[in-house]
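> Same order as they appear, the protein sequences are chains A and B.
Per our numbering, residue 2 is the first one in the first sequence, and the count goes up by one each step.
Per our numbering, residue 2 is the first one in the second sequence, and the count goes up by one each step.
Just so it is clear, CB atoms sit at the ideal spot from N, CA and C, and this is done for glycine as well.
The structure presented is a predicted model; accordingly, all values stated were derived computationally and were not measured.
There are 2 protein chains.
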Amino acid sequence: MDKNLLVLAGTGEISRRYAEGVAESLGLEIYNVENKVFPDGESYIRIPELPDNNILYIQNLDPPQDKRLWEALLALDKLRSQGYNVILVTPYLAYSRQDKEFLKGEAVSVALLLRLLRSLGAEEFYTIEIHKMDSLRHFAGRAISLDPYPYMAGVLADKLPHPSDVLVLSPDLGAIDRARRFADAFGSEFDYIVKRRDRVTGEVYMEPKEIPARGRSIIIVDDIISTGGTMAKAARMLLEQGATDVYAVAAHGLLVGGAVDKLRNSGVKRIFVGDTLPPKEGVDQVELYPVVAREFEWVNQHGAS
Amino acid sequence: MDKNLLVLAGTGEISRRYAEGVAESLGLEIYNVENKVFPDGESYIRIPELPDNNILYIQNLDPPQDKRLWEALLALDKLRSQGYNVILVTPYLAYSRQDKEFLKGEAVSVALLLRLLRSLGAEEFYTIEIHKMDSLRHFAGRAISLDPYPYMAGVLADKLPHPSDVLVLSPDLGAIDRARRFADAFGSEFDYIVKRRDRVTGEVYMEPKEIPARGRSIIIVDDIISTGGTMAKAARMLLEQGATDVYAVAAHGLLVGGAVDKLRNSGVKRIFVGDTLPPKEGVDQVELYPVVAREFEWVNQHGAS
Chain A
2 MDKNLLVLAG TGEISRRYAE GVAESLGLEI YNVENKVFPD GESYIRIPEL PDNNILYIQN
62 LDPPQDKRLW EALLALDKLR SQGYNVILVT PYLAYSRQDK EFLKGEAVSV ALLLRLLRSL
122 GAEEFYTIEI HKMDSLRHFA GRAISLDPYP YMAGVLADKL PHPSDVLVLS PDLGAIDRAR
182 RFADAFGSEF DYIVKRRDRV TGEVYMEPKE IPARGRSIII VDDIISTGGT MAKAARMLLE
242 QGATDVYAVA AHGLLVGGAV DKLRNSGVKR IFVGDTLPPK EGVDQVELYP VVAREFEWVN
302 QHGAS
Chain B
2 MDKNLLVLAG TGEISRRYAE GVAESLGLEI YNVENKVFPD GESYIRIPEL PDNNILYIQN
62 LDPPQDKRLW EALLALDKLR SQGYNVILVT PYLAYSRQDK EFLKGEAVSV ALLLRLLRSL
122 GAEEFYTIEI HKMDSLRHFA GRAISLDPYP YMAGVLADKL PHPSDVLVLS PDLGAIDRAR
182 RFADAFGSEF DYIVKRRDRV TGEVYMEPKE IPARGRSIII VDDIISTGGT MAKAARMLLE
242 QGATDVYAVA AHGLLVGGAV DKLRNSGVKR IFVGDTLPPK EGVDQVELYP VVAREFEWVN
302 QHGAS
């Protein structure tokens, strides 16, 4: 693939927003996938004529996920049949939590999804913060999960307490790398949350492994907030343990099933998420298109068009 | 594939209804694809343990089409990975009207859909009345469009006027074979509707090509009623031309955008459609699972299990 790229915005508002942000930061031309929905609910996809063969196709998979996914497959298949080379960017990758056959016979949705995106013509694949890095192996080509946390730490610097007062926590040991990356950029300490069962009462406590919460501003960093249940429980306990305040930070904010209220009621002071999913009242979104654009800076650095 | 088959019901009520009808008529065991939808809208699919390798998997593609389609792809992929041989039955095939690149760059949805169903593991494919027979070539294997019209003619015999009073019409010459098949089974004459422009007023008239509508009960037979626009217009004109009454018959009744009211207001006396899509008030559905079951009668005739 040579250095000339153009940006093709996929369907849905978030795809278009990312496409515009990326195209503008990189000084690339932008085109739109033509799309409509017929009265019966079927999607229509048309690829406009494009003046270059190398396409940065940005298609988000926010809800309705299955419609967006089908639109992506239709567009990829058409692009390939017309001879275009396609780099696919999917800021939010739906189905990334269905990454394992937990029970025999379960469909591993993320595996099929990535296989199809590849086999229908995506030559490279970029997403923001995939739930499990290991899932990327299902895409038989260059596949990258972009790290949004250092960038978010920078953007949020003036909206959060002073780094020296902050303890960044991951909800468990498995996710500690996210907390570490955020904390390193933010300039604060980090730790992870452990569950301990009280020997007398039998109750389960959640607390930081090494660094006590008392007197600290806690930032819990996770990849995705869905129903917010675990994060709400953790927040409540950390406040009981004397934390000054608790903030929630995540790359993706699904926030379904009353998650925002749940988090607020458990004492979470502010919720910060990326803008890979539709905005929710009471939640601050951080624009993450610069995390995507940065990855393609070579387009400008190495010249052309 | 040997003669032992079991029926696997896919997702959605219509899939299950067809699966039950087919399993019962053929005396086959029935199993269900396990399915749920997470709070964020993602589908979960699990294939239960099945006691035989040969599966008649019935998955309808009624709205929400894209969700049903994705569920079908997940199930097929899983079934294949588990070594099952799968015959896929899709009573209503979504996207069958997107069968051509009318404008350059348009996705030919039915082509990709059938290619995917095949490549993910369906060895044979059956649907009821595909919009265009030619589309079946995109499925690189045995692919059958089942003819529901003779069966519907039989079922509707006591709900329609006497065959000798009836003229069966297709909306145009291209669709005349549907009208012919219905009329032959019903025992009445058939013709097709032509459009003629009045030389003086410039208005467009629709009328039967050969047999005048006057004094006849008209049955308009089509594959699918979507918004009902053309059929409503035809009904109004046929009544103006002296038709006794007008009935509408179709394999698939999408009936979106106020189609039922439109047809009723134009004078259509009754609307009969297959049960491949959700029922609508004011519309009579004909159960079509026997049309599917009949195709697999060899299972019982040639013995086994």
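Could you tell me which chain A residues have their CB closer than 7 Å to the CB of R81 of chain B, listed as they occur along the chain?
One-based indexing of the second sequence puts residue 81 of chain B at position 80. Chain A residues near R81 of chain B: none, gap ~11 Å exceeds 7 Å.
> By the criterion of Cβ-Cβ separation under 8 Å, what are the contact partners of Y96 of chain A in chain B?
In the first sequence, residue 96 of chain A corresponds to position 95, counting from 1. Near Y96 of chain A (Cβ distances below 8 Å), the residues of chain B are E43.
> So what does DSSP say about H132 of chain A, is it helix, strand or coil?
As a first step, residue 132 of chain A must be located in the first sequence, where it is residue number 131. Looking at H132 of chain A - three-state DSSP - the assignment turns out to be coil, as it is neither helix nor strand.
> List the residues of chain A whose Cβ lies closer than 8 Å to the Cβ of R47 of chain B, in chain order.
Reading the second sequence from its first residue, position 46 is the one you call residue 47 of chain B. Those within 8 Å of R47 of chain B in chain A are L104, G106, E107, A108.
> Along the alpha helix (DSSP H) that carries P291 of chain B, what are the first and last residues, could you check?
Stepping through the second sequence from its first residue, residue 291 of chain B is reached at position 290. It spans 290-296 - the alpha helix (DSSP H) in which P291 of chain B sits, taken as one unbroken run.
> Mapping DSSP to helix, strand and coil, what is I219 of chain A?
As a first step, residue 219 of chain A must be located in the first sequence, where it is residue number 218. The answer is strand: DSSP assigns I219 of chain A an E or B state.
> So, is the C-beta of D135 of chain B closer than 8 Å to a C-beta in chain A?
As a working mapping, residue 135 of chain B is identified with position 134 in the second sequence. For D135 of chain B, the answer is no, since every Cβ of chain A falls outside 8 Å of its Cβ.
> Which residues of chain A have a Cβ atom closer than 8 Å to the Cβ of G258 of chain B, listed in chain order?
Residue 258 of chain B sits at position 257 when you count from the first residue of the second sequence. Correct list: P40.
> Using a beta-carbon distance below 8 Å, is Q99 of chain B in contact with chain A?
Looking up residue 99 of chain B in the second sequence gives position 98. Yes, Q99 of chain B counts as interfacial toward chain A.
> What are the residues of the region 65-80 of chain B that lie near chain A, defined by any Cβ-Cβ distance shorter than 9 Å?
Here the close residues are P65, Q66, D67, K68, R69, L70, W71, E72, L74, L75, A76, D78, K79.
> Could you pull out every unbroken alpha helix (DSSP H) segment of at least 4 residues lying fully inside the region 121-174 of chain B, listed in chain order?
List check, alpha helix (DSSP H) in window: 150-156.
> For I15 of chain B, would you say it is in contact with chain A, using Cβ-to-Cβ distances shorter than 8 Å as the test?
To locate residue 15 of chain B, count along the second sequence from 1; it is residue 14. By this cut-off, I15 of chain B is not an interface position.
> Identify, in the order they occur along the chain, each residue of the same chain with its Cβ nearer than 7 Å to the Cβ of P172 of chain B, setting aside the five sequence neighbours on each side.
Locating residue 172 of chain B in the second sequence gives position 171, counting from the first residue. For P172 of chain B, where only same-chain residues beyond five positions count, the Cβ hits under 7 Å are I194, I221, D223, T231, M232, A235.
> Can you tell me the Cα-Cα spacing of G275 of chain A and L77 of chain A, whole angstroms?
Here residue 275 of chain A refers to the residue found at position 274 of the first sequence. Here residue 77 of chain A refers to the residue found at position 76 of the first sequence. G275 of chain A and L77 of chain A: Cα-Cα distance of roughly 26 Å.
> Classify M134 of chain B: buried if its beta carbon has 16 or more other beta carbons within 10 angstroms, exposed otherwise.
Taking the first residue of the second sequence as position 1, residue 134 of chain B is located at position 133. M134 of chain B should be labelled exposed.
> Check R116 of chain B in the structure and name its three-state DSSP category.
Counted from its first residue, the second sequence places residue 116 of chain B at position 115. Note: R116 of chain B maps to helix in three-state DSSP.
> Against chain A, does L168 of chain B count as a neighbour if the rule is that its beta carbon must be under 8 Å from one of theirs?
By 1-based counting over the second sequence, the position of residue 168 of chain B is 167. Chain A, which has no Cβ nearer than 8 Å to the Cβ of L168 of chain B, makes this no.
> Take the Cβ of M2 of chain B as the centre, count every other Cβ of all protein chains shown within 10 Å, and call the residue buried at 16 or more, exposed below.
Position 1 of the second sequence, counting from 1, holds the residue named residue 2 of chain B. Caution is warranted here: a pLDDT of 47 is assigned to M2 of chain B, below 50, making its placement in the model unreliable, and no coordinate value can be reported.
> Whole angstroms are fine: how far does the CA of I212 of chain A sit from the CA of D199 of chain A?
Counting from one through the first sequence, the residue named residue 199 of chain A turns up at place 198. Counting from one through the first sequence, the residue named residue 212 of chain A turns up at place 211. The straight-line gap from Cα to Cα measures roughly 19 Å.
> Is it buried or exposed, D166 of chain A, if we count other Cβ atoms within 10 angstroms and call 16 or more buried?
By 1-based counting over the first sequence, the position of residue 166 of chain A is 165. Exposed, because fewer than 16 other Cβ atoms sit within 10 Å of the Cβ of D166 of chain A.
> For Y1 of chain B, tell me which candidate among B:F39, B:Q60, B:V34, B:P40 has the shortest Cα-Cα distance.
Past the boundaries of the shown model lies residue 1 of chain B; chain B is included only from 2 to 306, so the question cannot be answered.
> Using C-beta distances below 8 Å, list every residue in its chain close to E296 of chain B, excluding the 5 sequence neighbours before and after it, in chain order.
Counting from one through the second sequence, the residue named residue 296 of chain B turns up at place 295. Same-chain partners within the cutoff: Y127, I145, L147.
> For a cutoff of 8 Å on Cβ pairs, would you count L115 of chain B as touching chain A?
Within the second sequence, residue 115 of chain B is the residue found at index 114, counting from 1. No - not a single Cβ of chain A is within 8 Å of the one on L115 of chain B.
> Considering only residues of the same chain and omitting the five flanking positions on each side of Q83 of chain A, which have a CB-CB separation below 8 Å?
For this step, residue 83 of chain A is matched to residue 82 along the first sequence. So the list reads I48, once near-sequence residues are dropped.
> In three-state DSSP terms, what is L62 of chain A?
The sequence position of residue 62 of chain A within the first sequence is 61, counting from 1. The answer is coil: DSSP assigns L62 of chain A none of H, G, I, E or B.
> Any beta carbon from chain B within less than 8 Å of L57 of chain A's own beta carbon?
Translated into positions along the first sequence, residue 57 of chain A becomes position 56. No, L57 of chain A lies away from the interface with chain B (no Cβ there is under 8 Å from its Cβ).
> Are the Cβ atoms of L29 of chain B and L51 of chain B separated by less than 8 Å?
As a working note, residue 29 of chain B is residue 28 in the second sequence. As a working note, residue 51 of chain B is residue 50 in the second sequence. It is not a contact, given that the beta carbons lie outside the stated cut-off.
> On the DSSP letters alone, give me the boundaries of the alpha helix (DSSP H) that K263 of chain B sits inside.
The residue given as residue 263 of chain B occupies position 262 in the second sequence. 260-266 is the extent of the alpha helix (DSSP H) around K263 of chain B.
> Measure the C-alpha to C-alpha separation of A184 of chain B and P65 of chain A and round it to an integer number of angstroms.
Position 183 of the second sequence, counted from the start, is the residue given in the question as residue 184 of chain B. Position 64 of the first sequence, counted from the start, is the residue given in the question as residue 65 of chain A. Roughly 43 Å between the two C-alpha positions.
> Which chain B residues are close to E50 of chain A, counting only those with a beta carbon under 9 Å from its beta carbon?
For the purposes of this step, residue 50 of chain A is taken as residue 49 along the first sequence, with counting starting at 1. Per Cβ cutoff of 9 Å: K105, G106.
> Use the C-beta contact count for H163 of chain B: other C-beta atoms within 10 angstroms, 16 or more gives buried, fewer gives exposed.
Numbered from its first residue, the second sequence carries residue 163 of chain B at position 162. Burial call: exposed.
> What number of angstroms, rounded off, separates the C-alpha of G259 of chain B from the C-alpha of K281 of chain B?
Counted from its first residue, the second sequence places residue 259 of chain B at position 258. Counted from its first residue, the second sequence places residue 281 of chain B at position 280. Distance between the alpha carbons of G259 of chain B and K281 of chain B: 11 Å.
> Mind checking K105 of chain A: buried by the 16 CB within 10 Å criterion, or exposed?
As a position in the first sequence, residue 105 of chain A is number 104, starting the count at 1. The residue is exposed, with fewer than 16 neighbouring Cβ atoms inside 10 Å.
> Work out the CA separation of F191 of chain A and L118 of chain A for me, nearest whole Å.
Looking up residue 118 of chain A in the first sequence gives position 117. Looking up residue 191 of chain A in the first sequence gives position 190. C-alpha separation (whole angstroms): 36 Å.
> Under 8 Å by Cβ, that's how I've got H132 of chain B and I225 of chain B pegged, so tell me the actual separation to the nearest angstrom.
The residue you call residue 132 of chain B lines up with position 131 of the second sequence. The residue you call residue 225 of chain B lines up with position 224 of the second sequence. Yes, they are in contact, since the Cβ atoms of H132 of chain B and I225 of chain B sit about 7 Å apart, within 8 Å.
> Taking 7 Å as the cut-off, is the C-beta of L62 of chain A nearer than that to any heavy atom in the ligand HEM?
With respect to the ligand HEM, the structure offers nothing, as it holds no ligand at all.
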